[in-house]
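*Asks:* This structure is in structure tokens; I'll ask about it shortly.
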Amino acid sequence: MTTDTAVEAVNAARHYGQGQYAVKALDDVSLSIRKGEFFTLLGPSGCGKTTLLRLIAGFETPTSGQILLSGKDITAIPPNRRRVNTVFQSYALFPHLSVARNIAFGLEMLGRPKSEIAPRVTDMLRLVQLDQMAERKPAMLSGGQQQRVALARALAPEPEVLLLDEPLSALDLKLRKEMQLELKRLQTETGITFVFVTHDQEEALTMSDRIGVMKAGKLQQVGGPREIYNGPVNRFVADFIGETNFLTGTAAGDTVRIATGETLAVPGAGQGPVTLAIRPEQIRIADDGPLTATLTQTVYFGTDTHCHLRLGDGTDLVARLQSPPSGDVGLSAGQTLRLAPVPGSVQVLEEG
Amino acid sequence: MSERRAKPFSITAMPGFATIAILAFVLLYVPIITMVIYSFNASNSVALWGGFSFRWYAIAWENDTVQEATVRSLVIAVSAALIASTLATLAALGTTRRKKFKGQTFVYVMINQPLMVPEIVTAVALLIFFAAIKKATGYTGLAYLILAHSAFCVPFAYLPIRARLEGMDLTLERAAADLYATPFQTFRRITLPLMAPGIAAGAMLSFVISLDDVIITEFVKSAGQDTLPTYMLGQLRRAVTPEVNAISTALLGLTVLLLTAFFLLTRKRG
Ligand SMILES: Nc1ncnc2c1ncn2[C@@H]1O[C@H](COP(=O)(O)OP(=O)(O)OP(=O)(O)O)[C@@H](O)[C@H]1O
Ligand SMILES: [Mg+2]
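Taken in order, these protein sequences are the chains called A and B. FYI, UniProt numbering numbers position 6 of the first sequence as 6, with every residue one higher than the one before it. FYI, UniProt numbering numbers position 80 of the second sequence as 80, with every residue one higher than the one before it.
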């Protein structure tokens, strides 16, 4: 038994419906989330993120497999007896209770004495900067304020794990950026394990200690933001996290011969057919580069300029160059260029 | 662009709309207003105006039979409202807090039966049913009337309560469970307070419906168990005096008060 794991899913599966309507919302997921980490579940809509959170919170029971909390099997324990709290996407604040009573709710249900609840509520209100709003009803708050009440309410009972289901998706961009920082600050201050759900890869990269990328009910890869960005295990992950270019070819030891017939140096590429991924910012224009391409378009993005390129076999590539002070990279469409990936930046992917 | 773009159908634009509307309102309100005015008539006639007076209110007030009937009406209406809204609350919880089930429509119809079966049929059925029980037990108290009224009030209580529950976000109950509330605490602290306006509305509607029921009461009551409406009906068979107007006006006042409260409660949701 490991005491440094907060939550563990062991071969957890959740199926819905029957026969031809059967959906494997979660398909044999094993995952272990460490104590005190900011863990993000990332994946496209319908991939099973909410389902996994529901299993952890106890709103659903797995079709098979187990959920462990601090090493203890909690699969059969109802939600009200799990030291896990949820920040719902719709906030789900109790409309008939004041902000303060909303925040106190969990502590009251745990049977804590009033003398303990009152100061804790005051602390939580201060933590989320809502001291002035204690007596208001949720309907009298803005979206961002409601969001913070939901957060305070879930944090007040000091759960072992806090689950957050796309808590920022209803906020506008500016507020969203603010709340991202605030969430990160709260997580660091409280030391509580956060399991955060999002389908926004940028949000996942900036906030998380580790990320779990999901697709169609299956966990694709788990790792730190850099690890996932720089070493995606398959095409899906590479594509989902940031922009990337794909090349197919045949590996022979430390080189890969791509479809155009050109050869790239890729240490440890192995043998046989492979897919390569190269990030746009890892492509340089170099006269001695191994790739020849025709420039089809340049798009100015301020700090960057995106160059759309076409290889000999018709494969399209994007290279991201830093814009020079003049703003003009000095290239024109139709021009033939030689390209070189930054050494060590070419990733070899499993098909997936 | 088509030349004759069809205007959306508007009933207010139909010829004669205003006339019909005014006629309908006249038909609805003139009799009531007349009744109210004549309840303040000083003369013995319901048709000839003899000056303003509270005379008939005083007479009705001092009439022992009227007093007893009033108390009886109120006891029955309050009991029926309490019983019906309790039953309707349970029925609404049972029919909305779950996934759709087979026979759901059938259950709705069953619960709303009193709305669809002609009242006279229910009245006869109850008469026969209670007659058998009266014979077997010898009990002839108010319980029969209370039970009968409770039964036909259930659908009136059920509709607003169900509407309230259906408009309620299930995530709230989930959130309560997430915050360590047991199922009972969730019901007590979240579900019940949120459905309370619906229950109050249902109870008030039941009260009003029970208060003015004649048909079922007439059939079910034992001797000497007149409620206000059946007493008034009895009076009409003899000489009609403005006393009936006075009682009706008092009932009208009470009903308007309750219905206003009902609308205020149902409007202020969320
Ligand atoms: N109660 C249910 N009954 C049937 N199918 C369900 C149910 N809940 C979820 N599903 C299905 O399971 C799959 C995963 O759903 P889930 O809600 O976990 O996705 P998600 O990753 O949270 O997506 P989103 O980003 O859109 O919230 C979906 O295909 C969904 O249609
Ligand atoms: Mg979801």
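Even for Gly, the Cβ is constructed at its ideal location relative to N, Cα and C.
Unbroken alpha helix (DSSP H) runs of length 4 or more, entirely within the region 47-112 of chain B: which are they?
*Replies:* 55-62, 64-96 and 104-111
*Asks:* Kindly list, in the order they appear in chain A, the residues whose Cβ is closer than 7 Å to that of Ala181/B.
*Replies:* Asn80 and Met109
*Asks:* Is the Cβ-Cβ distance between Asp178/B and Ala57/A less than 8 Å?
*Replies:* yes
*Asks:* To the nearest angstrom, how far is it from the Cα of Gly253/B to the Cα of Ile209/B?
*Replies:* A direct Cα-to-Cα measurement between Gly253/B and Ile209/B gives close to 14 Å.
*Asks:* CB-CB under 7 Å to Pro242/B, same chain, minus the five flanking residues each way: which ones, in chain order?
*Replies:* Tyr38, Ser39, Asn41, Val46 and Trp56
*Asks:* Is the closest heavy atom of ligand 2 to the C-beta of Lys215/A under 7 Å?
*Replies:* no
*Asks:* Should Arg153/A be labelled buried (16 or more other beta-carbon atoms within 10 Å of its own) or exposed?
*Replies:* buried
*Asks:* Under a three-way DSSP split, which group does Lys174/A fall into?
*Replies:* Helix at Lys174/A.
*Asks:* How do the region 190-209 of chain B and the region 108-118 of chain A stand: do at least 3 beta-carbon pairs fall below 8 Å, yes or no?
*Replies:* no
*Asks:* Residues in the region 45-64 of chain A with C-beta within 7 Å of chain E's C-beta atoms, listed in sequence order?
*Replies:* Considering every chain present, this structure includes no chain E. Its protein chains are A and B.
*Asks:* From Gly143/A to Val149/A, what does the alpha carbon distance come to, in whole angstroms?
*Replies:* 10 Å
*Asks:* Measure the Cβ-Cβ separation of Val195/A and Ile33/A and say whether it is below 8 Å.
*Replies:* yes
*Asks:* Taking just the CA atoms, how far does Ala81/B sit from Leu258/B?
*Replies:* 13 Å
*Asks:* Candidates Gly330/A, Val23/A, Thr305/A and Thr294/A: which alpha carbon is nearest Asp313/A's?
*Replies:* Thr294/A
*Asks:* Can you give the beta carbon distance from Val318/A to Asn245/A, rounded, assuming they're within the 8 Å contact cut?
*Replies:* Rounded to whole angstroms, the Cβ separation of Val318/A and Asn245/A is 6 Å, and the two are in contact under 8 Å.
*Asks:* Residues bridged to His308/A by DSSP?
*Replies:* Gln297/A and Val318/A
*Asks:* By the three-class DSSP mapping on this structure, what secondary structure does Leu349/A have?
*Replies:* Three-state DSSP puts Leu349/A in a strand.
*Asks:* Tell me the residue span of the alpha helix (DSSP H) that contains Ile33/A.
*Replies:* Not the alpha helix (DSSP H): Ile33/A falls in the beta strand (DSSP E), residues Val23 to Arg34.
*Asks:* For Asn41/B, which residues does DSSP report across the bridge?
*Replies:* Asn41/B is bridged by DSSP to Phe52/B.
*Asks:* With DSSP as the reference, label Arg54/A as helix, strand or coil.
*Replies:* helix
*Asks:* Along the region 82-100 of chain A, what residues have a CB closer than 7 Å to any CB found in chain B?
*Replies:* Along the region 82-100 of chain A, the positions whose C-beta sits under 7 Å from a C-beta of chain B are Asn85, Thr86, Phe88, Ser90, Ala92, Phe94, Pro95 and His96, read in chain order.
*Asks:* Would you say Pro193/B lies against chain A (beta-carbon separation less than 8 Å)?
*Replies:* At least one CB atom of chain A sits nearer than 8 Å to the CB of Pro193/B.
*Asks:* Helix, strand or coil: which one does DSSP assign to Met1/A?
*Replies:* In this prediction, Met1/A scores a pLDDT of 48, lower than 50, which makes its location untrustworthy; no coordinate-derived value is stated.
*Asks:* Under a Cβ-count criterion, where at least 16 other Cβ atoms within 10 Å of its own Cβ denotes burial, should Tyr139/B be classed as buried or exposed?
*Replies:* Burial call: exposed.
*Asks:* List the residues of chain A that Asp178/B touches, going by C-beta distances under 7 Å, in chain order.
*Replies:* Ala57, Pro79, Asn85 and Thr86
*Asks:* Do you know how far the Cα of Gln147/A is from the Cα of Asn102/A?
*Replies:* 12 Å
*Asks:* So what does DSSP say about Leu130/A, is it helix, strand or coil?
*Replies:* coil
*Asks:* Along chain B, which residues have their Cβ under 8 Å away from the Cβ of Phe194/A?
*Replies:* Result: empty, since nearest Cβ-Cβ is about 15 Å, beyond 8 Å.
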